[in-house]
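Visitor: Okay, so the sequence shown: first residue is 0 according to numbering that gives the first Met the number 0, each after it adds one. So that we are looking at the same thing, I have put the structure below in structure tokens.
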Amino acid sequence: MARARLRDTFANLLTEEDVRALAPDLMAAIEELAPADLMFANEIRMGALQALVKYRFREAIPLCVQFARTQSKHGSQERTGVILKLLESYGIAAQEVLPELREFLEYCRTEPNFPEWARKEKAASVEAAVRAIEAAQEQPPLKSLSN
């Protein structure tokens, strides 16, 4: 639960300099599911991702898909749409992960041990993101953590 409390701090209070300094830890927080109960395990991941996206770091693009694919199932039918809206905000640059996103869509359509209504909601979010990214014609200026 303590890690979940960091979501707001990461998403709203970190400056670009803070994000650069904390980048390895923020990326690790996104890549690894926190050893917390399933209800709150994704909160730190979401905050870390929001911090990277807020300052338009290119490294967040593949992390969006990775997080969407590896999130805990609890609440994922709603959270997937939020994650993918962050990805969509990258416009044309997000097209590089379309193959992975399409694979994820196929998984969502047949996800085992997940209620049908939730599976449909999650798949619809992924379908909408694929369409939006395919249709993108612009992208914001991007930064890199390596510069």
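The C-beta atom is built at its ideal place from N, Cα and C for all residues, glycine as well.
Please state whether the Cβ-Cβ distance between R118 and R130 is less than 8 Å.
Guide: Stepping through the sequence shown from its first residue, residue 118 is reached at position 119. Stepping through the sequence shown from its first residue, residue 130 is reached at position 131. Contact: no.
Visitor: Taking all protein chains shown into account, decide if L51 is buried (16 or more other Cβ within 10 angstroms of its Cβ) or exposed.
Guide: What you label residue 51 is simply residue 52 of the sequence shown in a count that begins at 1. The residue is buried, with at least 16 neighbouring Cβ atoms inside 10 Å.
Visitor: Which same chain residues, not among the five before or five after A10, have their C-beta less than 8 Å away from its C-beta?
Guide: As a working note, residue 10 is residue 11 in the sequence shown. The residues are M45, G46, Q49, A50 and K53.
Visitor: Determine, using beta carbons only, whether L97 and I60 come nearer to each other than 8 Å.
Guide: Residue numbering aside, residue 97 sits at position 98 when the sequence shown is read from its first letter. Residue numbering aside, residue 60 sits at position 61 when the sequence shown is read from its first letter. No. Outside cutoff.
Visitor: If you scan the stretch 40-116 from start to end, which runs of the alpha helix (DSSP H) of 4 or more residues do you find wholly inside it?
Guide: 42-53, 59-69, 75-87 and 97-109
Visitor: Under 8 Å between the Cβ atoms of I43 and F66?
Guide: Position 44 of the sequence shown, counting from 1, holds the residue named residue 43. Position 67 of the sequence shown, counting from 1, holds the residue named residue 66. No, Cβ-Cβ distance for I43 and F66 is not below 8 Å.
Visitor: What distance in whole Å lies between the Cβ atoms of E137 and I91, which are believed to be in contact at a cut-off of 8 Å?
Guide: Along the sequence shown, read from residue 1 onward, the residue named residue 91 stands at position 92. Along the sequence shown, read from residue 1 onward, the residue named residue 137 stands at position 138. Their Cβ separation, rounded to whole angstroms, is 7 Å, which keeps I91 and E137 in contact under 8 Å.
Visitor: Do F39 and R68 come within 8 Å of each other at the CB atom, strictly closer than that value?
Guide: Numbered from 1 along the sequence shown, position 69 holds the residue referred to as residue 68. Numbered from 1 along the sequence shown, position 40 holds the residue referred to as residue 39. No, these two residues do not count as a Cβ contact at 8 Å.
Visitor: Hey, how far is the Cα of G74 from the Cα of A22?
Guide: Counting from one through the sequence shown, the residue named residue 74 turns up at place 75. Counting from one through the sequence shown, the residue named residue 22 turns up at place 23. Taking the straight line joining both Cα atoms gives about 26 Å.
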